[in-house]
Amino acid sequence: MDTAEAWRAALAEAGKLAPDIVQQIVDAHGKRGIQAIEAVSEKRVKRYRDFDVVVGYDDEYVVEDRGCTCKDSHYNLDPDEGERCWHVLAVDIADALDEVDYHDMWYSDVREFL
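Following our numbering, the numbering of the sequence shown begins with 76 at its first residue and continues without gaps.
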């Protein structure tokens, strides 16, 4: 089991972000893990009918099928190696904690107003 699988399993079992699980996330993902945990704690993980969206510092990022629209995902990370941006990690953590902010509407409709 790799480090990402380990923290996911521990989080699923505990159902909360215990200090040892936070440390596992940080050990596995560094700064991206910290940013993901902050996003979840600040309720910045949104689920719409069509996409998950994480509100970042400069924009909103669409997360779908463990992929993300952010530049970090496109230019710096290798998803084949299990590398994920903090937006994808935030969705994983929020899902495990049942902390996703659900909106019963289409993001594609909402995005037009932003």
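Quick reminder that beta carbons are idealized off the backbone N, C-alpha and C, glycines included.
- In the DSSP annotation of this structure, the continuous segment of the alpha helix (DSSP H) that includes GLU80 starts and ends at 78-89.
- Residue pairing by DSSP places GLY142 opposite GLU139 in a beta bridge.
- About 16 Å separates the beta carbon of VAL163 from that of TYR123, a gap too long to meet the 8 Å contact definition.
- Cβ atoms of TRP82 and ILE100 come within 8 Å of each other, at about 5 Å.
- Taking C-beta separations shorter than 6 Å and ignoring five residues to either side along the sequence, the partners of ARG141 in its chain run VAL163, following chain order.
- From the listed residues ALA114, ASP77, THR144 and ASP95, the smallest Cα separation to ASP170 is found for ALA114.
- For LYS118, the three-state secondary structure derived from DSSP is coil.
- 8 Å or more divides the Cβ of VAL137 from the Cβ of VAL130.
- Within a 10 Å sphere around the beta-carbon of LYS121 sit 16 or more other beta-carbons, which makes this residue buried.
- Looking at the backbone, the Cα of CYS143 and that of ALA93 are separated by about 27 Å.
- Counted as a single uninterrupted DSSP element, the beta strand (DSSP E) harbouring ASP127 occupies residues 127-130.
- In this structure, the beta-carbon distance from ARG119 to TRP161 does not fall below 8 Å.
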